[in-house]
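Student: Quick note on numbering: the numbering used here labels position 364 of the sequence shown as 366, and the sequence is numbered without any gaps. Positions of the beta carbon are idealized from the N, C-alpha and C atoms, including for glycine.
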Amino acid sequence: MALILPFKAVRPQQYFVSRIAALPYDVMTREEAQKAVKDNPLSFMHVEKSEIDVPDGTMNDDRIIYGTAKHNFDKMRKDGILIQDESPYFYIYRQKMGPHAQTGIVGLMSAAEYDSGKIKKHELTRKDKEEDRIRHVDAVNAHTGPVFLCYRERQEINRIADQVITGVPEYDFTAEDGIVHSVWIVVDSKQIEAIKNNFCAIDTLYIADGHHRAAAGATLARNRRAQDKSAHPSREYESILAVFFPHTQLKVMDYNRAVKDLNGLTPEQFIEKISSTFTISQNFAARSPQQFHDFGMYLGGQWYQLTIKQQVYNADDPVASLDAAILQEHLLEPVLGIKDPRVDDRIKFIGGIRGMDELEKLVNKDGFVVAFSLYPTTMEQIIKVADAGAIMPPKSTWFEPKLRSGLFTHQLD
């Protein structure tokens, strides 16, 4: 049984929605975000990533950052730029990126179900990033960005969504990156109950993206529950803002790597060393691999295709058989000396949305020596890892399109 609930969303007035909608706080650096919102004081980035509005040199955990987020959010509400629905609703959120479309239901997930393991994860969280989101949500008193969840597709839920989107959307705009965002409000009480009931028949939800948001929301719920003399499961802090997608609709892109040096090896020595575990082919015109266990490698102005040799890895292990794990365990660590890619500053991770030209640029112009392209992880692989209670290697998945922040906010009282 998956408990999902409708809620009274704080959301933009129609006129302002395209200016408010912002990319997630963690896909841009502070400097990139400042540049992106320079001419847009309404961007929700001023709430989600409020460090863009504080003086240079401010410590990452300074209270002024979180106070600024609250001030910016409260001002948008006071000025009538953001409004709150009077009744709890679900919302249908559709994104179109070229020919790809994905349609999710916006609602609330249960913090208790996250704690119990019914909402499964596939990534580790970093304590500093989790604490940042806890402080942020606590100060603003709202979940300002959704967790990106998926469930094994259920046709009954698809049919309800299809019925709703025959109506006129509340929002319908094209973002600066060309992605079309459309939102419908589920106001029919029978449809709201049908959504809740259909999710009750789903055993497990899976976090696709937003592990830090989920962990922070659950921790904040525990904290507030402990301090609340009238604690009750119906309290707003017991639920976390989320968007729920059928697993068949999600698009996972490749997540590629670039490394600054060859760990003291010459290119010839490096190629010879990896040839014991990989079959190497020159002149790889495709640049991007077309199947599992193939890799592209850009070195010395040339593209190579690497194919892991059979029986080098454990094909029966849901983690060891992932291409990100194969590259890490059989090349990056033993040959290039990258033991922990989470903290090693010699490696850079590049989302597939940037394409192969970005890998060439990093090697040709930006101080990196070698780059690797990977075949995208699939949703089935992610679910298999989560069901096994295992953890994906760092930076294994890059989801596109990204959910926009600012379209829905969950107030905690």
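Put residue 258 into one of helix, strand or coil per three-state DSSP.
Tutor: Taking the sequence shown and counting its residues from 1, the one referred to as residue 258 is at position 256. If DSSP states are grouped into helix, strand and coil, residue 258 belongs with the strands.
Student: State the DSSP-derived secondary structure class of residue 312, mapped to helix, strand or coil.
Tutor: Position 310 of the sequence shown, counting from 1, holds the residue named residue 312. Residue state, collapsed to three classes: coil.
Student: Closest by CA to residue 390, which one among 396, 330, 318?
Tutor: Here residue 390 corresponds to residue number 388 of the sequence shown, with the count starting at 1. If we check each option's Cα against that of residue 390, 318 comes out closest.
Student: Spell out the partners DSSP gives residue 207 in its beta bridges.
Tutor: The residue given as residue 207 occupies position 205 in the sequence shown. 121.
Student: DSSP puts residue 183 in a beta bridge; with which residues?
Tutor: For the purposes of this step, residue 183 is taken as the residue at position 181 of the sequence shown. Paired residue(s): 97, 175.
Student: Enumerate, from N- to C-terminal direction, the unbroken beta strand (DSSP E) stretches of 3 or more residues contained entirely within the stretch 292 to 338.
Tutor: The stretch 292 to 338 contains these whole beta strand (DSSP E) runs: 296 to 301, 304 to 310.
Student: Can you give me the C-alpha to C-alpha distance between residue 364 and residue 373, rounded to a whole angstrom?
Tutor: In the sequence shown, the residue the question calls residue 364 occupies position 362. In the sequence shown, the residue the question calls residue 373 occupies position 371. Answer to the nearest angstrom: the Cα atoms are 8 Å apart.
Student: From the DSSP output, read off the bridge partner residues of residue 107.
Tutor: The count along the sequence shown starts at 1 and reaches residue 107 at position 105. According to DSSP, which records beta bridges pairwise, residue 107 is partnered with 94, 246.
Student: Quick one: what does DSSP say residue 284 is sitting in, helix, strand or coil?
Tutor: The residue labelled residue 284 in the question sits at position 282 within the sequence shown. It is a strand residue.
Student: Indicate the three-state DSSP secondary structure (helix, strand or coil) for residue 15 in the structure shown.
Tutor: Looking up residue 15 in the sequence shown gives position 13. Coil, per DSSP.
Student: Less than 7 Å between the C-beta atoms of residue 294 and residue 308, yes or no?
Tutor: Your numbering for residue 294 matches position 292 in the sequence shown. Your numbering for residue 308 matches position 306 in the sequence shown. No.
Student: Looking at the strands, I want to know which residues DSSP matches up with residue 353.
Tutor: Sequence index remark: in the sequence shown, residue 353 carries index 351 (1-based). BP columns for residue 353 point to 257.
Student: To the nearest angstrom, report how far apart residue 73 and residue 409 are at their CA atoms.
Tutor: Residue numbering aside, residue 73 sits at position 71 when the sequence shown is read from its first letter. Residue numbering aside, residue 409 sits at position 407 when the sequence shown is read from its first letter. Taking the straight line joining both Cα atoms gives about 18 Å.
Student: Decide if the stretch 197 to 217 is in contact with the stretch 123 to 134; the criterion is three or more beta carbon pairs, one per stretch, under 8 Å apart.
Tutor: The stretch 197 to 217 is in contact with the stretch 123 to 134.
Student: Bridge partners of residue 412, per DSSP?
Tutor: For the purposes of this step, residue 412 is identified with residue 410 of the sequence shown, where counting begins at 1. DSSP lists 145 as partners of residue 412.
Student: Shortest alpha-carbon distance to residue 109 belongs to which of 361, 12, 382?
Tutor: By one-based count along the sequence shown, residue 109 stands at place 107. Among 361, 12, 382, the Cα nearest to that of residue 109 is on 12.
Student: Entirely within the stretch 26 to 95 and at least 4 residues each: give me those alpha helix (DSSP H) ranges in chain order.
Tutor: Qualifying alpha helix (DSSP H) stretches, in chain order: 32 to 38, 47 to 50, 65 to 80.
Student: Between 251, 274, 316, 266, which lies nearest to residue 382 when the distance is taken from Cα to Cα?
Tutor: Sequence index remark: in the sequence shown, residue 382 carries index 380 (1-based). Comparing Cα positions, the closest option is 251.
Student: Using three-state DSSP, classify residue 405 as helix, strand or coil.
Tutor: Position 403 of the sequence shown, counted from the first residue, corresponds to residue 405. Looking at residue 405 - three-state DSSP - the assignment turns out to be coil, as it is neither helix nor strand.
Student: Is the distance from the Cβ of residue 328 to the Cβ of residue 280 below 7 Å?
Tutor: For the purposes of this step, residue 328 is taken as the residue at position 326 of the sequence shown. For the purposes of this step, residue 280 is taken as the residue at position 278 of the sequence shown. Cβ atoms of residue 328 and residue 280: not closer than 7 Å.
Student: Considering only the beta carbon of each residue, do residue 239 and residue 226 sit closer than 7 Å?
Tutor: Here residue 239 refers to the residue found at position 237 of the sequence shown. Here residue 226 refers to the residue found at position 224 of the sequence shown. In this structure, residue 226 lies closer than 7 Å to residue 239 by Cβ.
Student: Tell me which same chain residues have a C-beta within less than 6 Å of the C-beta of residue 330, skipping the five on either side of it?
Tutor: Within the sequence shown, residue 330 is the residue found at index 328, counting from 1. Contacts found: 395.
Student: When you compare each of 357, 14, 360 to residue 185 by their alpha carbons, which one comes out closest?
Tutor: By one-based count along the sequence shown, residue 185 stands at place 183. For residue 185, the nearest C-alpha among the options comes from 14.
Student: Give me the DSSP bridge partner(s) of residue 241.
Tutor: Here residue 241 refers to the residue found at position 239 of the sequence shown. According to DSSP, which records beta bridges pairwise, residue 241 is partnered with 112.
Student: Apart from the five residues on each side of it in sequence, which residues of its chain come closer than 8 Å, Cβ to Cβ, to residue 163?
Tutor: Position 161 of the sequence shown, counting from 1, holds the residue named residue 163. Contacts found: 94, 105, 107.
Student: Which residues in the same chain have their Cβ closer than 8 Å to the Cβ of residue 56, if we skip the five residues on either side of it in sequence?
Tutor: In the sequence shown, counting from the first residue as 1, residue 56 sits at position 54. Only 64, 66, 67, 70 meet the Cβ criterion.
Student: Grouping DSSP H, G and I as helix and E and B as strand, with all else coil, what is residue 9?
Tutor: Indexing the sequence shown from 1 puts residue 9 at position 7. Strand at residue 9.
Student: Between which two residues does the beta strand (DSSP E) harbouring residue 372 extend?
Tutor: Position 370 of the sequence shown holds residue 372. Counting along the chain, the beta strand (DSSP E) containing residue 372 begins and ends at 372 to 376.
Student: How close, in whole Å, do the beta carbons of residue 320 and residue 377 come, if the pair is a contact with beta carbons under 8 Å?
Tutor: The residue given as residue 320 occupies position 318 in the sequence shown. The residue given as residue 377 occupies position 375 in the sequence shown. Not a contact, Cβ separation roughly 16 Å.
Student: Using DSSP with H/G/I as helix, E/B as strand and the rest coil, what is residue 188?
Tutor: For this step, residue 188 is matched to residue 186 along the sequence shown. Correct three-state label for residue 188: strand.
Student: Which stretch, first to last residue, makes up the alpha helix (DSSP H) that contains residue 269?
Tutor: Reading the sequence shown from its first residue, position 267 is the one you call residue 269. Run containing residue 269: 269 to 276, per the alpha helix (DSSP H) assignment.
Student: Is residue 146 closer than 7 Å to residue 411 when the C-beta atoms are compared?
Tutor: Reading the sequence shown from its first residue, position 409 is the one you call residue 411. Reading the sequence shown from its first residue, position 144 is the one you call residue 146. Contact flag set, yes.
Student: For residue 214, name the three-state secondary structure that DSSP assigns.
Tutor: Counting from 1 along the sequence shown, the entry for residue 214 is found at position 212. It is helical.
Student: Just the C-alpha distance for residue 351 and residue 19, rounded to the nearest angstrom, thanks.
Tutor: For the purposes of this step, residue 351 is taken as residue 349 along the sequence shown, with counting starting at 1. For the purposes of this step, residue 19 is taken as residue 17 along the sequence shown, with counting starting at 1. When rounded, the distance between both Cα atoms is 31 Å.
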